[in-house]
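Okay, so here's the structure we're looking at.
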Amino acid sequence: MENRKNTILLTVIAVATLLVAVVGATFAYFTAQGGEAVQTPVDVTTAQTSNGSFVTNGEISITADQEDFYQGAGNKTGRATATVTYTASSTAASDFCYTVGLQVTNNNFVYTTDPTNTPELTFTARKQASSNTELEEESPATTLIDAQDITTTAASTLIQIPTTAGGAEYIHQISAGQGATVRDQWDFTVVFVNLDSDQNANTGKSFAGQIKFDQVECS
9 MENRKNTILL TVIAVATLLV AVVGATFAYF TAQGGEAVQT PVDVTTAQTS NGSFVTNGEI
69 SITADQEDFY QGAGNKTGRA TATVTYTASS TAASDFCYTV GLQVTNNNFV YTTDPTNTPE
129 LTFTARKQAS SNTELEEESP ATTLIDAQDI TTTAASTLIQ IPTTAGGAEY IHQISAGQGA
189 TVRDQWDFTV VFVNLDSDQN ANTGKSFAGQ IKFDQVECS
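For the sequence shown, the residue numbers in this note's numbering are 9 to 227.
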């Protein structure tokens with residue numbers, strides 16, 4: 009009887025130890041996975057075994073603190089970069105198309121000047137045209153959105169980026185030769201503009217946005 013009790017006791021201890029180990033391992037796993045992402049690759053596959061990927065370095069965020077308002081403090085900038093890479097199949101040249109935009113997730117900035125509508129929060133998007141990764145010289149970067157006023161742009165707004173400055177076409181296309189790899193490099197900035205005026209109404213206000221890519225059909 010005593011041996012049986014000891015056996016049951018040891019079994020209970022073993023099960024309890026196993027549960028603790030499993031819970032601890034699960035917690036550690038989710039903790040490791042739940043941290044702030046540095047890069048978020050999204051792989052997509054097209055016909056003929058060609059493939060593309062989007063890689064971004066996270067969200068853009070700005071918070072206006074009290075120390076940001078003194079005269080001569082300068083502007084405050086939030087920045088993100090991204091790379092779109094496409095590799096054509098070894099059998100044929102092909103194209104890859106996508107859209108890109110800034111998805112506003114939070115924004116409570118306001119205008120503080122009189123007259124109003126002087127930009128206090130601006131968005132700029134620049135694209136380095138697709139180039140073969142084997143080339144030593146890169147193509148020049150083009151500014152597609154230049155300091156667009158987003159001071160009071162509402163959360164949930166998607167600011168789509170056109171293929172040309174001021175244009176109305178939003179499908180970006182990469183063309184790759186047979187077996188070649190090409191890429192588009194992106195640079196995004198949101199700037200809180202120091203106007204050297206009374207902007208205290210924006211103290212503690214914040215902005216957050218994420219870069220959003222979507223693969224689309226080439227027209």
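Glycine included, C-beta positions come from ideal geometry on N, C-alpha and C.
### Query
From this set, I153, T89, G185 and Q193, which residue's C-alpha is nearest A176's C-alpha?
Distance from the Cα of A176 is smallest, within the candidate group I153, T89, G185 and Q193, for I153.
### Query
Given a threshold of 16 other Cβ atoms within 10 Å of its Cβ, counted over all protein chains shown, does G212 qualify as buried or as exposed?
Here G212 is exposed: its Cβ has fewer than 16 other Cβ atoms, across all protein chains shown, within 10 Å.
### Query
In chain order, what residues of the same chain lie with their CB nearer than 6 Å to the CB of R87, ignoring the 5 residues before and after it?
Closer than 6 Å at the Cβ level, and outside the excluded window around R87, lie T197.
### Query
Using the C-alpha atoms, what's the distance from Q207 back to G82?
Within the model, the alpha-carbon separation for G82 versus Q207 is close to 13 Å.
### Query
Can you find a heavy atom of the ligand FMN that lies under 6 Å from the Cβ of T124?
With respect to the ligand FMN, the structure offers nothing, as it holds no ligand at all.
### Query
Start and end of the beta strand (DSSP E) containing D195?
Segment T189 to F200, the beta strand (DSSP E) holding D195.
### Strand pairing of Q168, partner residues [DSSP]
DSSP, once it has assigned bridges, lists G109 as partnering Q168.
#### Entry: Candidates T93, W194 and L110, of which the one nearest A149 by Cα
Out of T93, W194 and L110, W194 has the C-alpha closest to the C-alpha of A149.
### Message
Here's a check: name, in chain order, each residue in its chain whose Cβ is nearer than 6 Å to the Cβ of I167, leaving out the five neighbours to either side.
### Response
Within the same chain, Cβ atoms closer than 6 Å to the Cβ of I167 are found at G109 and L110, the five residues on either side in sequence being excluded.
### Message
Going by DSSP in three states, A40 sits in which element: helix, strand or coil?
### Response
With a pLDDT of 20 at A40, under the threshold of 50, the modelled position of this residue cannot be trusted, and the question is left open.
### Query
Under the three-state reduction of DSSP, which class applies to N208: helix, strand or coil?
Assigned with DSSP and collapsed to three states, N208 falls in helix.
### contact_flag[the stretch 176-186, the stretch 121-128] where n(CB pairs < 8 Å) is 3 or more
In this structure the stretch 176-186 does not lie against the stretch 121-128, because fewer than three pairs of beta carbons, one per stretch, are closer than 8 Å.
### Query
Between the stretch 66-76 and the stretch 89-101, are three or more C-beta pairs nearer than 8 Å?
In this structure the stretch 66-76 does not lie against the stretch 89-101, because fewer than three pairs of beta carbons, one per stretch, are closer than 8 Å.
### Task
Spatial neighbours of Y178 within its chain, please: CB distance less than 6 Å, with the 5 preceding and 5 following residues excluded, ordered by chain position.
Excluding residues within five positions, the ones whose Cβ falls inside 6 Å are T107, Q168 and P170.
### Message
If the criterion is Cβ atoms closer than 7 Å, does the pair G217 and T113 meet it?
### Response
For G217 and T113, yes; Cβs fall inside 7 Å.
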